[in-house]
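Letter 108 of the sequence shown, counting from 1, is numbered 108 in full-length UniProt numbering, and no numbers are missing.
This report refers to the structure that appears directly beneath it.
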Amino acid sequence: MLYSPQTMTAWVLLTRQLMASETRAIKEGPAHLPPHNLIPALKGEATQSSTLSFAAASKAIDGRRNSFYTNGFCSHTAEDETDPWWRVDLQHSFTITTVKVTNRGDCCAERLDGAEIRIGNSLENNGNNNPKCGTINSLGSSPTHTFQCNEMEGRYITVFLPGPQKILTMCEVEVFLAPFNIIKINLHHIIVEKREKAFKHPQVT
């Protein structure tokens, strides 16, 4: 089974375009990164220590920053829980540059104070023992806050709220990857797509 010259040429051109895009993103800064750096979080699997009513863990990675809980786009653990946590599994280990957290905006903003963002590859203690990216302090009702993680490596992003009688509510968690991770993701999709096409339409020599 062989690739045709046309297929190989297209693959090379796409690769060059991706690499040029990422080089430009590195020079211009994180604000200019292509949207693919959010794909792993949106396609990840979210879970949490408990769930109140309809407020599943997946609501925090649905791509919506709607901060009003009653609109149905926020995660929420059970009331008065000890050490509640929320976690997303990215399915693979990536280099994380930034995590953005959107707090509840209609009330109770102080509930998230003291929560810790943890990043790593271990599920020991539900991922709460992984290295810390940052601590959430006094976000208030400001919808979204950005935490710089200095290129931490990890598959699991955990938000852990230590202490008794706590409630963990978040309306969106966004995970941003280092540029070379985006290249890897895009190239993976290109290679898989080309292999599938080659399998369906093999070149006879």
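Note that CB positions come from ideal geometry on N, CA and C, so glycine has one too.
Where DSSP assigns a beta bridge to residue i, which residues make up the other side?
i, result
"residue 69", "BP columns for residue 69 are empty, so no partner."
"residue 177", "96"
"residue 75", "170"
"residue 134", "117"
"residue 110", "The partner list for residue 110 (beta bridge, DSSP) is empty, contrary to what the question assumes."
With burial defined as no fewer than 16 other Cβ atoms inside 10 Å of the residue's Cβ, what is the status of residue i: buried or exposed?
i, result
"residue 156", "buried"
"residue 97", "buried"
"residue 84", "buried"
"residue 130", "buried"
"residue 107", "exposed"
"residue 92", "exposed"
"residue 176", "buried"
Which residue marks the beginning of the beta strand (DSSP E) containing residue i, and which one marks its end?
i, result
"residue 97", "85-102"
"residue 154", "144-160"
"residue 127", "Segment: none, residue 127 is in no beta strand (DSSP E) and carries neither H nor E."
"residue 46", "45-48"
"residue 118", "116-120"
field: Cβ pair count under 8 Å reaching 3, the segment 157-165 against the segment 72-92
entry: yes
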